[in-house]
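See below for the structure under consideration.
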């Protein structure tokens, strides 16, 4: 028999309900079983009755468990919040990078479109300017034809344009059409030449509304239709319009 344990037959307690059974017993148990008669004993467990202290112990354990669970929940929530914050920050960085890339691509597309558009606009502008000038001349011709169709208005217009060309010159010769001079005489609207240095003459070669002014050694051509012809030539040749003056 080993010093730790031994296999023996436990006898039942006299008058007990259990028959003897074989089981492994410790050395102390074997020693106890060897006692017989009045020396024999049986170990019995006396149930412990629950009291107020047990209720307090259970309540304390419950509260401690609740506190531990709450603390664990807080730690888990904090970890999830930190993870969510990191994920949101990563998403913001990715969004900013994507936005910057989109802006760069949009800027490049705008620059390319601007260069292309400028070339097209330059070509269109050149054609448009020429067309605008041509339309302006046509409009001017229409207006002048209507204005000059009235003899009185044509004569007064020719005289007014000539006087503006003379300015403050001491001596000048204004030549208008025969029709316009006759109209001014009929209206008694011919300027007086005495003491003014201004002399009015007429020419059959001028149309109604036209005038030619001689000032000193220079000449100002105020022929309406001739001015329109020069404008058309300037537009077709892409040259600046002149003032219609020659010396």
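Numbering (my numbering), first residue to last: 1 to 247. All C-beta atoms, glycine included, are put in the ideal place defined by N, C-alpha and C.
Proximity winner among the options, relative to residue i (alpha-carbon distances)
i, options, result
"residue 228", "173, 138 and 74", "138"
"residue 207", "182, 196, 231 and 237", "182"
"residue 237", "216, 190, 147 and 126", "126"
"residue 216", "193, 194 and 167", "167"
"residue 248", "230, 163 and 86", "Residue 248 lies beyond the stretch modelled for the chain, which goes from 1 to 247, so this question has no answer here."
Short Cβ contact (8 Å threshold) for residue i with residue j
i, j, result
"residue 173", "residue 153", "no"
"residue 176", "residue 202", "yes"
"residue 170", "residue 220", "no"
"residue 187", "residue 159", "no"
"residue 151", "residue 121", "no"
Supposed contact pair residue j and residue i - C-beta distance, whole angstroms, cut 8 Å
i, j, result
"residue 205", "residue 224", "In fact, because the Cβ distance is near 14 Å, the residues do not count as touching under 8 Å."
"residue 156", "residue 222", "Incorrect: roughly 14 Å between the Cβ atoms, too far for contact."
8 Å Cβ cutoff, residue i in contact with chain D
i, result
"residue 163", "No chain D appears in the structure shown, which is made up of a single protein chain."
Near the ligand PLP: residue i beta-carbon under 7 Å from a heavy atom
i, result
"residue 177", "For the structure depicted, the ligand PLP is absent and the ligand set is empty, with no information on it obtainable."
- prompt: Within the chosen definition, does the stretch 116-132 reach the stretch 142-158 through at least 3 CB pairs nearer than 8 Å?
  reply: Under the 8 Å Cβ criterion, the stretch 116-132 does not count as touching the stretch 142-158, having fewer than three qualifying pairs.
query: What alpha helix (DSSP H) runs, 4 residues minimum, are completely inside the stretch 131-210?
result: Secondary structure within the stretch 131-210: the alpha helix (DSSP H) runs of 4 or more consecutive residues, fully enclosed, are 151-166 and 178-186 (chain order).
- request: Would you list, in sequence order, the uninterrupted beta strand (DSSP E) runs of no fewer than 3 residues that lie entirely inside the stretch 63-143?
  value: As far as the stretch 63-143 is concerned, it has no whole beta strand (DSSP E) run of at least 3 residues.
- prompt: What alpha helix (DSSP H) runs, 4 residues minimum, are completely inside the stretch 215-240?
  reply: Qualifying alpha helix (DSSP H) stretches, in chain order: 224-237.
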